[in-house]
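Visitor: Chains as they are written, first to last, in this note's numbering: chain A, 20 to 292; chain B, 685 to 1035. I have a structure I would like to understand better, so I am pasting it below and will then ask my questions one at a time.
Okay, structure coming up:
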């Protein structure tokens, strides 16, 4: 019997962490072994209600549980935000291809992220930090609307910044409270000498408009299109390259992505829409 | 014996129906639809001159089906062997296209595969091309070449039946008593009929000739105004994607049943405004012209790039079904007349 790719694995939400006014992290324990690679995504089902795609924000090394950071944006995410601990869920996947970590060895990794885009980046970050000696350095430039809108505040504002080999700069669109950091969109904290472009790869994840302008900035700095990795957001549904909703040119974002190099997709129309 | 002769259809269809459920074409208005074969019916089965109105995908990939249950596990129901009579070359090629999507090695759709493996395909020659038929543009023929178990060709005094698979050969062997030999004269008559229909098809579409491959025509003119202009004739009824034998987009949705939750799979259409919209609000095909463009790019560029085959068989069903008056042949023709890079008017109003 062929395995049914539409059938989710049963799981349970064991904890819910408030990240910001619109974002929560759900700690999910699948009933069966569920391995994924950083950057791959899963389809999370709220039984009877609906299903939506998310990239886990936890490290793949944690095989016991999976953390999924979700912004309230549509019908399914709104329902998820109203769930409590103990809620049964379904998980399908993992789908697609993630970040090619082994190709990053020996290089500087320049990570540009914004808003809830830090969710997939957290998984990548934790994976990189686990073997930080394999990389030249990890340079992060993150943005959020306001200081309160940053997710993972407890680690982002403190412990992560102290990791050897990691360089983090943050910016907000609008300052409030005692924020004494940069104010401006994320591209205002990108500088050509942040990394040595000849031996670096860039990873961009965030809202489409931010990804567009960050990518243009990186190209302006001289980053080759094939060294810019983008985590694309489309309406992934089946996860297995059949249902059609997430097409990006000849690619199915669910199967061929969600991580693409800019080189792969730059010639297709409307990639940022 | 791989090619045989029979003077009447009924004994042949009765033999098929004796082994499995059989579906046959029936005239409904000016079109053909499929009905379950009833051996006791008084009206004889019609030999359909062209493909049926609704696409063959309905047999393999129904409008709506159960995909998963929760908690628990959904498996495809046991599918009994079934036969379909009257598929045309365009239908066979549409199955080839669907196979690429649903029966691929990496992720097989178990529901599709279960039906596909149990479908006994009895194709037949077209006896007269329809007004909307343009399969010759995609190397199609008014007669089947491969992909069938049995093929039926009408000749003056009866029917020639040819086996195209082991299952087909076994059938002929098992029912050898029904058939006579198909001699050279009969085969020559069949070839002549085929050549005649082919000739008529080409004459019908004589004006539909392009200087460049269709892929290039569509790809190089993706910024053309034509998509927005055509959008004015489109009423977004989605009939084109419903009747298309190769369109296969679907969506998954969850429902609550009495004592379990179900995940359902249902046909979708890229003509629908929310088709590609994400929860955050982004939508790459917000205006209708974008969706028409995407549909053509998918059919003639992206699918070809990915699978090495066009996602159109020229069956003309979308032409027949269209409520607004958009004709894919005319769109292709207009695009081919466009000069490269004319610059599409970005009339993206609400964008």
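Think of the CB as a built atom: it goes at the ideal place given N, C-alpha and C, for glycine as much as any other residue.
Does the beta carbon of residue 25 (chain A) sit closer than 8 Å to a beta carbon anywhere in chain B?
Guide: Start at 1 with the first residue of the first chain, and residue 25 (chain A) comes out as number 6. Yes, residue 25 (chain A) lies at the interface with chain B (some Cβ there is under 8 Å from its Cβ).
Visitor: For residue 911 (chain B), go through chain A and note every residue whose CB falls closer than 9 Å to its CB, in chain order.
Guide: For the purposes of this step, residue 911 (chain B) is identified with residue 227 of the second chain, where counting begins at 1. Here the premise fails: no neighbours, minimum Cβ distance about 11 Å.
Visitor: Could you give the distance in angstroms between the alpha-carbon of residue 788 (chain B) and the alpha-carbon of residue 799 (chain B)?
Guide: Taking the first residue of the second chain as 1, we reach residue 788 (chain B) at position 104. Taking the first residue of the second chain as 1, we reach residue 799 (chain B) at position 115. Cα to Cα, the separation comes out at about 15 Å.
Visitor: If you compare alpha carbons, which of B:850, B:722, B:730, B:853 is closest to residue 712 (chain B)?
Guide: The sequence position of residue 712 (chain B) within the second chain is 28, counting from 1. When B:850, B:722, B:730, B:853 are compared, the shortest CA-CA separation from residue 712 (chain B) is found for B:730.
Visitor: For residue 1026 (chain B) and residue 955 (chain B), what's the separation of their Cα atoms in angstroms?
Guide: Here residue 1026 (chain B) corresponds to residue number 342 of the second chain, with the count starting at 1. Here residue 955 (chain B) corresponds to residue number 271 of the second chain, with the count starting at 1. Below a pLDDT of 50, predicted positions are generally treated as unreliable, and residue 1026 (chain B), at 48, falls in that range; no measurement from the model is reported.
Visitor: Going by beta-carbon coordinates alone, are residue 936 (chain B) and residue 271 (chain A) separated by less than 8 Å?
Guide: Along the second chain, read from residue 1 onward, the residue named residue 936 (chain B) stands at position 252. Along the first chain, read from residue 1 onward, the residue named residue 271 (chain A) stands at position 252. No, these two residues do not count as a Cβ contact at 8 Å.
Visitor: For the beta strand (DSSP E) holding residue 747 (chain B), just list the boundary residues, first then last.
Guide: As a position in the second chain, residue 747 (chain B) is number 63, starting the count at 1. No beta strand (DSSP E) holds residue 747 (chain B); DSSP gives it neither H nor E.
Visitor: With 7 Å as the C-beta to C-beta threshold (strictly closer), list the residues of the segment 938-951 of chain B near chain A in chain order.
Guide: Hits within the stretch, in order: 938, 939, 940, 945, 947, 949.
Visitor: How big is the Cα-Cα spacing for residue 180 (chain A) and residue 151 (chain A)?
Guide: Within the first chain, residue 180 (chain A) is the residue found at index 161, counting from 1. Within the first chain, residue 151 (chain A) is the residue found at index 132, counting from 1. One C-alpha to the other measures close to 14 Å.
Visitor: Rank A:100, A:110, A:51 by C-alpha distance to the C-alpha of residue 82 (chain A) and give the top, closest one.
Guide: Within the first chain, numbered from 1, the residue matching residue 82 (chain A) stands at position 63. When only C-alpha atoms are compared, the closest one is A:51.
Visitor: Is the distance from the Cβ of residue 982 (chain B) to the Cβ of residue 741 (chain B) below 8 Å?
Guide: Taking the first residue of the second chain as 1, we reach residue 982 (chain B) at position 298. Taking the first residue of the second chain as 1, we reach residue 741 (chain B) at position 57. Not a contact, by the Cβ cut-off of 8 Å.
Visitor: Mind listing, in chain order, the continuous alpha helix (DSSP H) runs of no fewer than 4 residues lying wholly within the segment 76-136 of chain A?
Guide: As summarised for the segment 76-136 of chain A, the continuous alpha helix (DSSP H) elements at least 4 residues long and confined to that stretch are 94-100, given in chain order.
Visitor: Pick out whichever of A:46, A:125, A:58, A:212 has its Cα sitting closest to the Cα of residue 144 (chain A).
Guide: On the first chain, residue 144 (chain A) is found 125 positions in, with the first residue counted as 1. Ranking A:46, A:125, A:58, A:212 by Cα distance to residue 144 (chain A) puts A:58 first.
Visitor: Given a cut-off of 8 Å on the beta-carbon distance, is the pair residue 769 (chain B) and residue 707 (chain B) in contact?
Guide: Position 85 of the second chain, counting from 1, holds the residue named residue 769 (chain B). Position 23 of the second chain, counting from 1, holds the residue named residue 707 (chain B). Yes, Cβ-Cβ distance for residue 769 (chain B) and residue 707 (chain B) is below 8 Å.
Visitor: If you measure beta-carbon to beta-carbon, which residues of the segment 49-66 of chain A are closer than 7 Å to chain B?
Guide: Within the segment 49-66 of chain A, contact with chain B at the beta-carbon level (separation under 7 Å) is assigned to 64, 66.
Visitor: Hey, would you say the C-beta of residue 221 (chain A) is under 7 Å away from at least one heavy atom of the ligand MN?
Guide: Ligands in the displayed structure: none, and consequently the ligand MN is not present.
Visitor: DSSP on residue 44 (chain A), reduced to helix/strand/coil?
Guide: As a first step, residue 44 (chain A) must be located in the first chain, where it is residue number 25. The answer is strand: DSSP assigns residue 44 (chain A) an E or B state.
Visitor: So residue 917 (chain B) and residue 1008 (chain B) are supposed to be a Cβ contact under 8 Å. How far apart are they, rounded?
Guide: Locating residue 917 (chain B) in the second chain gives position 233, where the first residue counts as 1. Locating residue 1008 (chain B) in the second chain gives position 324, where the first residue counts as 1. Contact holds; Cβ gap of about 5 Å.
Visitor: Is there a Cβ of chain A sitting closer than 8 Å to that of residue 929 (chain B), yes or no?
Guide: Here residue 929 (chain B) corresponds to residue number 245 of the second chain, with the count starting at 1. Judged by the 8 Å Cβ criterion, residue 929 (chain B) is not in contact with chain A.
Visitor: Cβ atoms of residue 135 (chain A) and residue 42 (chain A): under 8 Å apart, would you say?
Guide: Position 23 of the first chain, counting from 1, holds the residue named residue 42 (chain A). Position 116 of the first chain, counting from 1, holds the residue named residue 135 (chain A). Contact: yes.
Visitor: Compile a chain-ordered list of the residues in the segment 779-801 of chain B whose CB is closer than 7 Å to at least one CB of chain A.
Guide: 785, 786, 791, 792, 793, 794, 797
Visitor: What is the rounded straight-line gap between the Cα of residue 32 (chain A) and the Cα of residue 85 (chain A)?
Guide: For the purposes of this step, residue 32 (chain A) is taken as residue 13 along the first chain, with counting starting at 1. For the purposes of this step, residue 85 (chain A) is taken as residue 66 along the first chain, with counting starting at 1. Straight-line Cα distance between these residues: approximately 10 Å.
Visitor: May I ask you to list, following chain order, the residues of the segment 73-95 of chain A that have a beta carbon less than 7 Å from some beta carbon of chain B?
Guide: 92, 93
Visitor: Okay, do the segment 219-234 of chain A and the segment 121-141 of chain A touch, 3+ Cβ pairs below 8 Å being the bar?
Guide: yes
Visitor: Throw me the rounded Cβ distance for the residue 53 (chain A) and residue 128 (chain A) pair, which I believe falls under 8 Å.
Guide: Residue mapping note: residue 53 (chain A) aligns to position 34 of the first chain, counting from 1. Residue mapping note: residue 128 (chain A) aligns to position 109 of the first chain, counting from 1. About 26 Å separates the CB atoms of residue 53 (chain A) and residue 128 (chain A); that is not less than 8 Å, and the two are not in contact.
Visitor: Mind listing, in chain order, the continuous beta strand (DSSP E) runs of no fewer than 3 residues lying wholly within the segment 884-965 of chain B?
Guide: 934-940, 945-951
Visitor: By DSSP, does residue 209 (chain A) sit in helix, in strand, or in coil?
Guide: The residue labelled residue 209 (chain A) in the question sits at position 190 within the first chain. Assignment of residue 209 (chain A) by DSSP, reduced to helix, strand and coil, places it in the coil class.
Visitor: Give the residues of chain A in contact with residue 954 (chain B), contact being defined as C-beta atoms less than 8 Å apart.
Guide: Counted from its first residue, the second chain places residue 954 (chain B) at position 270. Within chain A, the residues whose beta carbon sits less than 8 Å from that of residue 954 (chain B) are 263, listed in sequence order.
Visitor: Quick one: residues in its chain with C-beta nearer than 8 Å to the C-beta of residue 244 (chain A), no 5 flanking neighbours on either side, listed in chain order?
Guide: Reading the first chain from its first residue, position 225 is the one you call residue 244 (chain A). The answer, listed in chain order, is 238, 280, 281, 282, 285.
Visitor: Quick check on DSSP: helix, strand or coil for residue 969 (chain B)?
Guide: Position 285 of the second chain, counted from the start, is the residue given in the question as residue 969 (chain B). Correct three-state label for residue 969 (chain B): coil.
Visitor: Establish whether the CB of residue 217 (chain A) and some CB of chain B are separated by less than 8 Å.
Guide: Residue 217 (chain A) sits at position 198 when you count from the first residue of the first chain. No, no contact with chain B.
Visitor: Determine the DSSP secondary structure at residue 818 (chain B), reduced to helix, strand or coil.
Guide: Numbered from its first residue, the second chain carries residue 818 (chain B) at position 134. Looking at residue 818 (chain B) - three-state DSSP - the assignment turns out to be coil, as it is neither helix nor strand.
Visitor: Once DSSP output is grouped into helix, strand and coil, what is the label at residue 803 (chain B)?
Guide: Residue mapping note: residue 803 (chain B) aligns to position 119 of the second chain, counting from 1. Strand at residue 803 (chain B).
Visitor: Which residues of chain B have a Cβ atom closer than 7 Å to the Cβ of residue 116 (chain A), listed in chain order?
Guide: Position 97 of the first chain holds residue 116 (chain A). Those within 7 Å of residue 116 (chain A) in chain B number zero; the least Cβ separation is about 12 Å.
Visitor: Does residue 230 (chain A) get closer than 8 Å to chain B when you measure Cβ to Cβ?
Guide: Taking the first residue of the first chain as position 1, residue 230 (chain A) is located at position 211. Taking Cβ atoms only, chain B never reaches closer than 8 Å to residue 230 (chain A), which makes this a no.
Visitor: The alpha helix (DSSP H) with residue 173 (chain A) in it runs from where to where?
Guide: Numbered from its first residue, the first chain carries residue 173 (chain A) at position 154. Note, residue 173 (chain A): alpha helix (DSSP H), 172-175.
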